[in-house]
Amino acid sequence: MTAAARNILIIGEGYEPLLCAFYLAMRLRPLQPNIEVVLTGEAQERLVYTSPRMRNIHRELGLDEAKFIAATGAGLVYAQAYHSKNQPPRYFSTTQYGQNLQGINLHHILAKLADTKSIIAWDELNLSAQIAKNKRFVLGVSNLPKPHFEVDFGYQIKEQKLFEFLRIASLQLNIKIIQQPLKKIEIDNDAVREVHLKNGVILRADLYLDCSEQAYIRQAQNINYTQLISQSYVNQTTSIQQTDKQYCPFGNIEINERHILTRYNHDGLEHTSIYTVNPKNQVAYAKNAWVSNSLSLGKAYSNMATLLYEPEAQLLRPLQRLVELWPTTATEHATRQAFNQILSLEMARVFEVTDVHFQLLHNKSSNSPDISAQRLNLFKSSGRVISKDYDPLTEQQWPFLFLALGVKPQSMDPLVDTLDLAKCHHVLTRMKMTIDKVIKQAPSYAQR
Amino acid sequence: MPQPRNLVIVGGGTAGWMAAAAFSKIYQGTPLTITLIESEQLGTVGVGEATFPHLRFFNDRLGIDEKDFMRTTKATYKLGIKFVDWGQIGDNYMHAFGQLGDEINGLAFHHYWQSQQAQLNDSIFDYSLAATLAEKHKFEYPNTDTLSISSSFSYAFQLDANLYANYLREFSTNLGVKRVEGIINEVITDNNGDINKLKLDNGSVVSGDFFIDCSGFRGLLIEQTLQAGFEDWSHWLPCDRAVAVPCENTSSIAPYTQAKAQKAGWSWRIPLQSRTGNGHVYCSKYMSDGEAERILLNELQGKPLAKPKFLTFKTGRRKSTWLKNCVAIGLSSGFLEPLESTSIYLIQIAIMKLIEFFPADMATEDEKKQLRQAFNDDLALEYNRVKDFLILHYHTTSRNDSAFWRHCQNMNIPTSLKTKIDAFKESGYIMHYDQGLFLTPSWISVMIGQGMIPRSHHPLVMAFNPNEITQNMASLKQKIAQTSERYLDHHAFLTQNLALQNSEKDWPDSAMSLYGVFS
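Protein chains in written order, with the working numbering: chain A, 1 to 448; chain B, 1001 to 1519.
Listed below in structure tokens is the structure:
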């Protein structure tokens, strides 16, 4: 048996390298890894937001969610509210909407019911979306069947608080944290040989992880991003403001003709980002995340911001995969190639979720076909959806993301003609009443 | 009010009647009319006597009573496929419909199994309840309690495909499907290239809005008329002939299909209630028809019940399965040898995908284009993944006793498969996906079954307490052995269960999954 890689060096700024270090220290605990983190930049005053998948990571690591929330002051994000001109907000949650009946997707059934004037709004059939919309506080409902009535949420956390939580937790796990700028990285045949810090210290490891915005290792290796992301050329500007607005249990996404705006509001901060199409800023990701003895993750992996999936998609998911095939001294090209292929596919799927948002902008740069354009066109024309390997959204969720984005299909599944509409209406109305009852009894989010 | 639409199915074999049954049931009560044209003169190939657990899901959607179906199609239960002489002569393994060990500390079981081989020297298949039951010829329904080890497997059927087609014919015609007897002489297309009429040998004309081509290898509509084109895969899967013969049952009925590697191909054995189906798939470049027939007849366990029947095929698939207003299903859409019993599954998945993407009556050209693309992409993925999985069996053999096997070992394989094999060989890592028929447990079964042991296992395994690992593994193995002892003999269960007339449903719910009672 060959020896496992045990010495790990992580480079980056803010909470991200600490999150990587913490995750690896917990998952690789039996290997007793030596983990060092080089922090090249400070945590900023901004909000970090996550999808509900972050909770799965907590469960995987055996973390106490209540303690995490208390320690970081995290707020809950039950849904995203999509705004567009002259229309009420539409709430998208990654939990199930109502239920499909007789194998027919719910949105087709609702469209058919709307034809008969029996109108039930699609977001009224999602408990998490209604909790968000009504600004309620619910941690779970044990007496109602899942997945039809599911409460799930991501977090919004001040980065500095998350940083501090991770810093303390990392120290408890014997992770060495060094706050120091880099001087240079020695590369030999794409392999990182040494990392030189400005104070003269030289660090060596079996495996190097880079999640820095500057992509230090990739730059030193002189490897460019090679995998372009569809037609999106996106520029992001962010503003952080102190605010006295109320706590808000959802994120906001506003889609205009020429830009997308996201806004989160938590703990006295309002975090706003504006994304515009900018042909000078080509969005791409690394064809190979794992090169020799180094991996590029997060911002070092791609310059694309994921509207809905930061940070678990770009940091923790790759780390989960990495742990699945943790390297030994015998690890060679084949394993890295497998990892890179899988990661590339997974990241492509994540980016597609973001990309469909940009497909709706009027000045998107090109019309050439790709999977997000195919998804969008298929839904627009027929209300149908496709599912692919590693999709972050299920076949049931995709239609509701499109509806949240304001895309309405031109036709529906012909199978709706086989439905007993009165029965469907009855089933769905009962679901809506059950949700209404939970909302009525729940305390307000501000009182949590 | 929707317009009436006419769906025309060409060909009445397994594919044709499965399509007719599904559409007539699911579109029951709508103005969709369904006509199926078949000819007694032409006959059918009768593909796939062995099936996958997904067929239970199909039958459930149709509301078919499982016991009635089994009695009518002379079906037996199936827990997997036993591969004999594949890795090397004398080896065998079971690709079973179930889990292979349990994940421990978030790591796949095969890493632990590999780490213990110096001490244990046992078979990984001892950690599969489905494989153990199959080897012991035992069968009972899986348990739906997910905490029970008895929920760790699923089951399929071994059936008479012609009887299944007849069964579905009755089912479909009862639901209003119009059966037309005749041979198609001419296919008439409109200015856009869409098919709109079929002229039959008796002078009658059948018009339709949408056509399903189940005409078999020749692809009367999809190829002869629409010229979809064929992607030839025979350089990867070189077998091109088969000879089949049924024989009497002689011994205990096995709840599995057997696939035995031969000098230039492989032979199958599929036990039904009343007979056993046998066949020999071979490569004509390396073996004559006469030799193939001799091998087949020599290995029959019982008296032959018919004359051997020969079949010629070319492995591959249509470049487009849905072209214009025509979808090819079954042999007209492509052919992959029945090594993993995938024929009926590929028919089923095509039907289900067509239902998923079936165009609305007023669909625009753009909508139809989008739907065709989605359908064709999905079907291409299914075929490609099955193809890779089949090639795996041939390529990863250690046999060098014949020119055929030496060729298979040394042939170029698709990059997708090569990457997967290389990663597994190096670190035991399975590049998994979630679409398609064969997922991680199947890949592990065949790779390890064929004798492919990774150079290293996951390093975390060694970091856990070795005594704990040994105890965990021993306990699982013992639990499986003890549980399997409590199960009934397959034959006894079959006899007892099928004798129950008009019983309430007692079989477990179905799922589109190969490895357990839940998806």
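Where a beta carbon is used, it is the ideal one built from N, C-alpha and C, also for glycine.
Checklist entry - Rounded to a whole number of angstroms, what is the C-alpha to C-alpha distance between A:Leu197 and A:Leu182? => result For the purposes of this step, residue 197 of chain A is taken as residue 197 along the first sequence, with counting starting at 1. For the purposes of this step, residue 182 of chain A is taken as residue 182 along the first sequence, with counting starting at 1. Looking at the two C-alpha atoms, the distance is approximately 4 Å.
Checklist entry - What did DSSP end up calling A:Arg430 once you bin it into helix, strand or coil? => result For this step, residue 430 of chain A is matched to residue 430 along the first sequence. In the structure shown, A:Arg430 sits in a helix (DSSP, three-state: H, G or I).
Checklist entry - Can you name the residues of chain A whose CB is closer than 9 Å to the CB of B:Gly1029? => result The sequence position of residue 1029 of chain B within the second sequence is 29, counting from 1. Those within 9 Å of B:Gly1029 in chain A are Asp417, Thr418.
Item to check | Cutoff 8 Å: B:Gln1471 Cβ touching any chain A Cβ | outcome: Indexing the second sequence from 1 puts residue 1471 of chain B at position 471. False, the Cβ-Cβ gap to chain A never drops below 8 Å.
Checklist entry - Would you say A:Leu173 faces chain B, with C-beta separation under 8 Å as the test? => result Sequence index remark: in the first sequence, residue 173 of chain A carries index 173 (1-based). With 8 Å as the cut-off, A:Leu173 does not count as an interface residue toward chain B.
Checklist entry - chain B beta carbons: is any one of them nearer than 8 Å to that of A:Asp267? => result Position 267 of the first sequence, counting from 1, holds the residue named residue 267 of chain A. No, no contact with chain B.
Checklist entry - What's the C-alpha gap between A:Gly200 and A:Val38? => result Counted from its first residue, the first sequence places residue 200 of chain A at position 200. Counted from its first residue, the first sequence places residue 38 of chain A at position 38. Whole-angstrom Cα-Cα distance: 13 Å.
Checklist entry - Using a beta-carbon distance below 8 Å, is A:Pro181 in contact with chain B? => result Taking the first residue of the first sequence as 1, we reach residue 181 of chain A at position 181. No, A:Pro181 does not count as interfacial toward chain B.
Item to check | B:Tyr1027 in three-state terms, based on DSSP | outcome: Locating residue 1027 of chain B in the second sequence gives position 27, counting from the first residue. Note: B:Tyr1027 maps to coil in three-state DSSP.
Checklist entry - Expressed to the nearest angstrom, what Euclidean distance is found between the alpha-carbon atoms of B:Thr1014 and B:Val1206? => result Against the second sequence, residue 1014 of chain B aligns to sequence position 14. Against the second sequence, residue 1206 of chain B aligns to sequence position 206. Straight-line Cα distance between these residues: approximately 21 Å.
Checklist entry - Residues in its own chain within less than 7 Å of B:Cys1214 by CB, not counting five upstream and five downstream? => result Numbered from 1 along the second sequence, position 214 holds the residue referred to as residue 1214 of chain B. For B:Cys1214, where only same-chain residues beyond five positions count, the Cβ hits under 7 Å are Ile1009, Val1010, Gly1011, Gly1013, Ala1015, Gly1016, Ala1019, Ile1329, Gly1330, Ser1332.
Checklist entry - Hey, which unbroken runs of the alpha helix (DSSP H) at 4 residues or more fall wholly within the segment 1471-1517 of chain B? => result 1490-1498
Next on the checklist: Along the segment 328-341 of chain A, where does the CB come closer than 7 Å to a CB of chain B? Name the residues.
Outcome noted: Thr328, Ala330, Thr331, Glu332, Ala334, Thr335, Gln337, Ala338, Gln341
Checklist entry - So which of B:His1490, B:Gln1028, B:Asp1065 has the shortest CA-CA distance to B:Asn1174? => result The residue you call residue 1174 of chain B lines up with position 174 of the second sequence. Closest by alpha carbon: B:Gln1028.
Next on the checklist: Check whether chain A comes within 8 Å of B:Leu1439, counting only Cβ atoms and requiring the distance to be less than that.
Outcome noted: To locate residue 1439 of chain B, count along the second sequence from 1; it is residue 439. Cβ-Cβ to chain A under 8 Å: no for B:Leu1439.
Next on the checklist: Run through chain B and tell me which residues come within less than 9 Å of A:Ile57, C-beta to C-beta.
Outcome noted: Reading the first sequence from its first residue, position 57 is the one you call residue 57 of chain A. Chain B residues near A:Ile57: none, gap ~12 Å exceeds 9 Å.
Item to check | Listed by chain order, chain B residues near A:Pro30 by CB distance under 7 Å | outcome: Your numbering for residue 30 of chain A matches position 30 in the first sequence. The contacting residues are Leu1460, Ala1463, Phe1464.
Next on the checklist: Here's the rule: buried if 16 or more other CB atoms are within 10 angstroms of the residue's CB, otherwise exposed. What is B:Glu1038?
Outcome noted: Position 38 of the second sequence, counted from the start, is the residue given in the question as residue 1038 of chain B. So B:Glu1038 ends up on the buried side.
Item to check | Residues of the segment 1410-1429 of chain B with Cβ closer than 8 Å to any Cβ of chain A, in chain order | outcome: Thr1419, Lys1420, Asp1422, Ala1423, Lys1425, Glu1426, Ser1427, Tyr1429
Checklist entry - Taking the Cβ atom as the reference point for each residue, do B:Gly1302 and B:Glu1248 lie within a distance shorter than 8 Å? => result The residue you call residue 1302 of chain B lines up with position 302 of the second sequence. The residue you call residue 1248 of chain B lines up with position 248 of the second sequence. Closer than 8 Å, so yes.
Item to check | Complete beta strand (DSSP E) runs within the segment 55-92 of chain A (minimum length 3 residues, chain order) | outcome: 75-77, 79-83, 90-92
Next on the checklist: Rounded to the nearest angstrom, what separates A:Glu16 and B:Trp1113 at their Cα positions?
Outcome noted: Working through the first sequence from its first residue, we reach residue 16 of chain A at position 16. Working through the second sequence from its first residue, we reach residue 1113 of chain B at position 113. Roughly 36 Å separates the two Cα atoms.
Checklist entry - When the Cα of B:Ala1244 is compared with those of B:Leu1488, B:Gly1208, B:Leu1437, B:Ile1295, which residue comes out closest? => result The residue labelled residue 1244 of chain B in the question sits at position 244 within the second sequence. Per the Cα distances, B:Ile1295.
Next on the checklist: If you follow the beta strand (DSSP E) that B:Val1461 is in, where does it begin and where does it stop?
Outcome noted: Taking the first residue of the second sequence as 1, we reach residue 1461 of chain B at position 461. Per DSSP, B:Val1461 belongs to no beta strand (DSSP E); it is in the alpha helix (DSSP H), 1459-1463.
Checklist entry - Is the distance from the Cβ of A:Ile11 to the Cβ of A:Ser292 below 8 Å? => result Working through the first sequence from its first residue, we reach residue 11 of chain A at position 11. Working through the first sequence from its first residue, we reach residue 292 of chain A at position 292. Going by C-beta atoms, A:Ile11 is not nearer than 8 Å to A:Ser292.
Next on the checklist: Counting only beta-carbon separations shorter than 8 Å, does A:Ala286 have a partner in chain B?
Outcome noted: Your numbering for residue 286 of chain A matches position 286 in the first sequence. A:Ala286 does not count as touching chain B.
Checklist entry - Residue range of the alpha helix (DSSP H) that A:Asn7 falls in? => result Position 7 of the first sequence holds residue 7 of chain A. From DSSP, A:Asn7 is part of no alpha helix (DSSP H) but of the beta strand (DSSP E) over 7-13.
Checklist entry - Between the segment 1446-1457 of chain B and chain A, which residues of the former have CB atoms less than 9 Å from a CB of the latter, in chain order? => result Arg1455, Ser1456, His1457
Next on the checklist: Quick check: the segment 1086-1093 of chain B against the segment 1176-1188 of chain B, are at least 3 beta-carbon pairs closer than 8 Å?
Outcome noted: no
Checklist entry - Nearest to B:Asn1412 by alpha carbon, out of B:Glu1426, B:Thr1396, B:Thr1364? => result By 1-based counting over the second sequence, the position of residue 1412 of chain B is 412. B:Asn1412 has its Cα closest to that of B:Thr1396, out of B:Glu1426, B:Thr1396, B:Thr1364.
Checklist entry - In chain order, what residues of the same chain have a beta carbon less than 7 Å from the beta carbon of B:Asp1240, not counting five sequence neighbours either side? => result Within the second sequence, the letter at position 240 stands for residue 1240 of chain B. Correct list, in chain order: Ser1234, Cys1283, Ser1284, Thr1312, Phe1313, Lys1314.
Checklist entry - In chain D, what lies closer than 7 Å to A:Trp326 by C-beta? => result Absent here is chain D; the protein component of the structure consists of chains A and B.
Checklist entry - Do you know how far the Cα of A:Asp123 is from the Cα of A:Asp420? => result Along the first sequence, one-based indexing puts residue 420 of chain A at 420. Along the first sequence, one-based indexing puts residue 123 of chain A at 123. Roughly 22 Å between the two C-alpha positions.
Next on the checklist: For a contact defined as C-beta to C-beta under 8 Å, what are the partners of B:Ala1374 on chain A?
Outcome noted: Start at 1 with the first residue of the second sequence, and residue 1374 of chain B comes out as number 374. Ordered by position in chain A, the residues that pass the 8 Å Cβ test against B:Ala1374 are Gln374, Leu378, Arg384, Ile386.
Item to check | Sequence-distant residues of the same chain with beta carbon closer than 7 Å to A:Gln79, five excluded per side | outcome: The residue you call residue 79 of chain A lines up with position 79 of the first sequence. One point to set straight first is that residue 79 of chain A is Ala, not Gln, in the sequence displayed. Contacts found: Tyr91, Phe92, Ser93, Ser128, Ala129, Ala132, Phe250.
Checklist entry - For chain B, is any of its Cβ atoms less than 8 Å away from the one on A:Ala348? => result Walking along the first sequence from the start, residue 348 of chain A turns up at place 348. No - not a single Cβ of chain B is within 8 Å of the one on A:Ala348.
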